[in-house]
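For the protein sequence lines, the chains are A and B, in the order given. According to our numbering, the first sequence is numbered sequentially starting from 5. According to our numbering, the second sequence is numbered sequentially starting from 13. Input: a single structure, listed below in structure tokens.
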Amino acid sequence: MDTFALTIAAILMAGAPLVLATLGETLTEKAGIINLSLDGSILLSAMAAFACSATFDSPWLGMAAGAAVGAAIAGALGVIGIFLGQSQLAVGFILTLLSRDLAYFLGHNFSRQPGPDLGLWTVPGLGKTPFVGLIFGSQSPVVYLSLAAIAFSWWWMYRTEGGMRLRAVGESPRAAFGRGIRVRLVRLCYCLAGGALVGLAGGAYSLAVKPGWGRPQGCEGAGWIALAIVIFGGWHPVRTALGAFFFAALQVSGIYLQELFPSIPAPVFQVAPFPMMILTLLAVNMGRVGWVQDIVRRHPFLKALSRGWSIEAPAALGQDFDPKKGL
Amino acid sequence: MNRDSLLAQIGWLALALLLALLLTVIVAWPAGAPPLETIYVLFKGGVSSWSKVGRVLAGWVPLTLCSAGLLIPFTARLWNIGVEGQVIMGAIFCTAALRPFEDGGGTGVILLALAASVAGGAFWALLAGLLRVFGRVHEIFSGLGLNFVALGVTLWLIFGPWKRPGVASMSGTKPLDISLWLPRLGNLSVSWVGLVLACAAVVLVYILLHRTKWGLKMRAVGENPKAATLFALGPRRRLLQAFMLCGGLAGLAGATQVLSVYHRLLPNISSGYGYTALLVSMMASFRLSLVPFICLFFAVLNVGSIQLPLQLNLDSSLSGVIQGVMVLSLFIVQGLRLWLRQRKEAD
Chain A
5 MDTFALTIAA
15 ILMAGAPLVL
25 ATLGETLTEK
35 AGIINLSLDG
45 SILLSAMAAF
55 ACSATFDSPW
65 LGMAAGAAVG
75 AAIAGALGVI
85 GIFLGQSQLA
95 VGFILTLLSR
105 DLAYFLGHNF
115 SRQPGPDLGL
125 WTVPGLGKTP
135 FVGLIFGSQS
145 PVVYLSLAAI
155 AFSWWWMYRT
165 EGGMRLRAVG
175 ESPRAAFGRG
185 IRVRLVRLCY
195 CLAGGALVGL
205 AGGAYSLAVK
215 PGWGRPQGCE
225 GAGWIALAIV
235 IFGGWHPVRT
245 ALGAFFFAAL
255 QVSGIYLQEL
265 FPSIPAPVFQ
275 VAPFPMMILT
285 LLAVNMGRVG
295 WVQDIVRRHP
305 FLKALSRGWS
315 IEAPAALGQD
325 FDPKKGL
Chain B
13 MNRDSLLAQI
23 GWLALALLLA
33 LLLTVIVAWP
43 AGAPPLETIY
53 VLFKGGVSSW
63 SKVGRVLAGW
73 VPLTLCSAGL
83 LIPFTARLWN
93 IGVEGQVIMG
103 AIFCTAALRP
113 FEDGGGTGVI
123 LLALAASVAG
133 GAFWALLAGL
143 LRVFGRVHEI
153 FSGLGLNFVA
163 LGVTLWLIFG
173 PWKRPGVASM
183 SGTKPLDISL
193 WLPRLGNLSV
203 SWVGLVLACA
213 AVVLVYILLH
223 RTKWGLKMRA
233 VGENPKAATL
243 FALGPRRRLL
253 QAFMLCGGLA
263 GLAGATQVLS
273 VYHRLLPNIS
283 SGYGYTALLV
293 SMMASFRLSL
303 VPFICLFFAV
313 LNVGSIQLPL
323 QLNLDSSLSG
333 VIQGVMVLSL
343 FIVQGLRLWL
353 RQRKEAD
């Protein structure tokens, strides 16, 4: 039982940055913008967070720096994509490569240096509780941060007027514009907010999950997985978070698998999440393929199941909106 | 865009380059890179001797092969981000074909290896294509995932079945017999075979896209896939063909890395050329005529950047930063042009 609880604690920890990044991207994509720069963004903000916390000896200042860097990159994408009308996919991809190289270039002097990390928070009185105590009694602050972020994003998206505006600009920018919402501005705001969350994910890597900075840091590729998890989670904050924990569980079990199959070289397990990413995307998308839909339609049980499972991307995802062209 | 005069076009390009320079200085100066000295070291490191020119050309070959190939799927509006993995797969298939000839072989064996590398790259690209066409998995994710899988296969081979007798390390498999190396150009580190292959690839892609019906139909598929279905242009088949052609050229790039640069399989066999090639094709705005020159420029930056850690104690990734900033600046300037024109039309 204890091993089980500790495994869950490990999964929560490994999943925390993924949750932050996927929630950030969910917010951005809900507003209709695809931010493809996640992978480089996470790396650059991880570097910034570590460099800042090592310089000023304050990990929380580091987290703030990470969030600022993430927001800055997303802001660049937002301005070039929304206001200058360039391809979001192309700009996002360029920003990924650029941020990655920038992270290695600027982080050169901080490589393999000692620096503070966020440490663990102890919840008073919880440590003695048998099962829950092992999971939450003494955890990294990023775990609490990620759990709070899940609850907050769900509440914001589905229970507030701001969330309604967010979904409106992503689903039907013309209608939103007609109701007096400044579509481009709202989109830019969610681009920045989402980017800040992605930046926190970077900070969570370099200050908590894989403390330190170096080349490679160990979070390379996480951004791409996060982008796929958003699709897997159907642009719903709770489902994306579950997806992130699912992938974290795979990573954690990779460590066990390594012990089970010592003949397979360790580096191979590091790429294991990527075939999983392709397979999950395949599984999610197969539901929209014609012959699969035919089978589903004929079986009432599958039909009911598919209703719970079906996902729809925000209708205006990746599409430009130009208010001058009007309604 | 075509309405502008040549002078205006050059002016906009100059503005983009100026912006790129400015942005690079802004990010590089605080990191301890004096602008003029850094540029001097970069270019001196790339072109100051014949041996360096040889290395630049050795980098130009795979970069041009990948960038030219990428224009084919881009014509059909497809993002072949998996080109990096296709380079790696080409290198793996090439090495596999050479393994029975450890003690040496002739031209026939090298030709066999080249053919195998094309098949390897095309196969890996086909996987991404099939996932897109039949599984509805966006090619960005399938391609990217397959890049990492290809890297995993390389690592597994190097540390497992193909490990060097005695030691298994990141330094790769056992070096090839010298009779399996591609013939060099004089005493430069670039092979003339590689140069011929890269030039041939550019010509081939030009003919395919601009001088054949196949290319015309491919453009139609890219412009309007729904109409292409109605007109029975077979968009699915064409998308797969585009992927495979690009993958084949990328595979060839992997073979040149094995046969004329590293002479073995190592984890970093692709040297990131696949990702750089994506930048090149965007920088060229998908115009084939510009691709060889941009590749040359990027190759000079890559070779020159090796001097940065030695002379200025800077990380060599500055070359990647400059490449990225240049492409980004071009997009910003293009966007500004668009914005200005729209404002003029609105008035």
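For glycine and all other residues, C-beta sits at the position ideal for the given N, C-alpha and C.
For A:PHE156 and A:ARG191, the gap between their C-alpha atoms comes out near 19 Å.
Each residue's CA atom was taken as its position, placing A:ALA245 and B:LEU126 some 46 Å apart. Looking from the CA of B:GLY147, the closest CA among A:ALA270, A:ALA320, A:MET51 and A:TRP295 belongs to A:TRP295.
Taking the Cα of A:LEU285 as reference, the smallest distance to any Cα among A:VAL202, A:SER210, A:PHE236 and A:LEU106 is reached at A:PHE236. Taken atom to atom, the span from the alpha-carbon of A:ALA270 to that of A:SER176 is near 47 Å. A:ASP105 belongs to the set of residues whose beta carbon lies under 9 Å from a beta carbon in chain B. With fewer than 16 other Cβ atoms inside 10 Å of its own Cβ, B:LEU352 counts as exposed. Taking 7 Å as the upper bound on Cβ-Cβ separation, chain B lies near no residue of the segment 68-83 of chain A. B:LEU124 and B:ALA109 have their C-alpha atoms some 7 Å from each other. Counting only runs of at least 4 residues, the segment 78-166 of chain A fully encloses the following alpha helix (DSSP H) elements, listed from N- to C-terminal order: 92-110, 134-140 and 145-163. By DSSP's assignment, B:ARG196 forms a beta bridge with B:SER203. Nearest CB-CB separation between A:MET5 and chain B: not below the 9 Å threshold. In terms of beta-carbon proximity, A:ASN289 lines the interface with chain B, with at least one pair separated by less than 9 Å.
By the C-beta density criterion, B:ASN92 is buried, having at least 16 other C-beta atoms within 10 angstroms. For B:ASN314, the three-state secondary structure derived from DSSP is helix. For B:CYS78, the uninterrupted alpha helix (DSSP H) segment begins and ends at 62-87.
With a contact defined as Cβ atoms closer than 8 Å, B:GLY58 and B:VAL333 miss out at about 16 Å. Positions of the alpha helix (DSSP H) runs, each at least 4 residues long and wholly inside the segment 247-331 of chain B, are given as 247-268, 285-295, 303-317 and 319-324 in order along the chain. Within the segment 270-322 of chain A, the complete alpha helix (DSSP H) segments at least 4 residues long are 270-274, 277-290, 294-302 and 304-313, listed from N- to C-terminus. Chain B has no Cβ within less than 9 Å of the Cβ of A:LEU254.
In this structure, A:LEU16 and A:ILE139 form a Cβ contact; the two beta carbons are roughly 7 Å apart against a cut-off of 8 Å. Take B:PHE310, set aside five residues on each side of it, and the residues of its chain with a beta-carbon closer than 7 Å to its own are LEU75, THR288, VAL292 and GLN335, in chain order.
Against chain B, a Cβ distance below 8 Å from A:ILE98 picks out LEU291, MET294, GLY336, VAL339, LEU340 and PHE343. The C-beta distance from B:MET101 to B:TRP72 rounds to 22 Å, too long to fall under 8 Å, and the pair is not in contact. Assignment of A:PRO220 by DSSP, reduced to helix, strand and coil, places it in the coil class. Cβ proximity to chain A below 7 Å picks out TRP168, PHE171 and GLY172 from the segment 168-188 of chain B. Chain-ordered, the chain B residues with CB closer than 8 Å to the CB of A:ALA94 read MET294 and PHE343. Separation of A:VAL272 and B:GLY266 (C-alpha to C-alpha, rounded to the nearest whole angstrom) is 21 Å.
Counting only the Cα atoms, A:TYR194 lies some 12 Å from A:VAL202. In terms of beta-carbon proximity, B:TRP62 stays away from the interface with chain A, with every pair separated by 9 Å or more. Nearest C-alpha to B:ILE170 among B:PRO279, B:GLU96 and B:SER329: B:PRO279.
Within the same chain, and ignoring the five residues on either side of A:SER115 in sequence, the residues whose Cβ sits closer than 7 Å to its Cβ are TRP217, GLY218 and ARG219. Contacts with chain A (Cβ-Cβ distance below 7 Å) from the segment 146-162 of chain B involve GLY147, ARG148, VAL149, PHE153, SER154, LEU156, GLY157, PHE160 and VAL161, listed in chain order. Restricting attention to B:LYS356, B:GLN354 and B:LEU342, the CA atom closest to the CA of B:GLY23 is found in B:LEU342.
Excluding its 5 nearest sequence neighbours in each direction, B:SER17 has no C-beta neighbour in its own chain below 7 Å. The Cβ atoms of A:LEU22 and A:PHE251 sit closer than 9 Å to each other.
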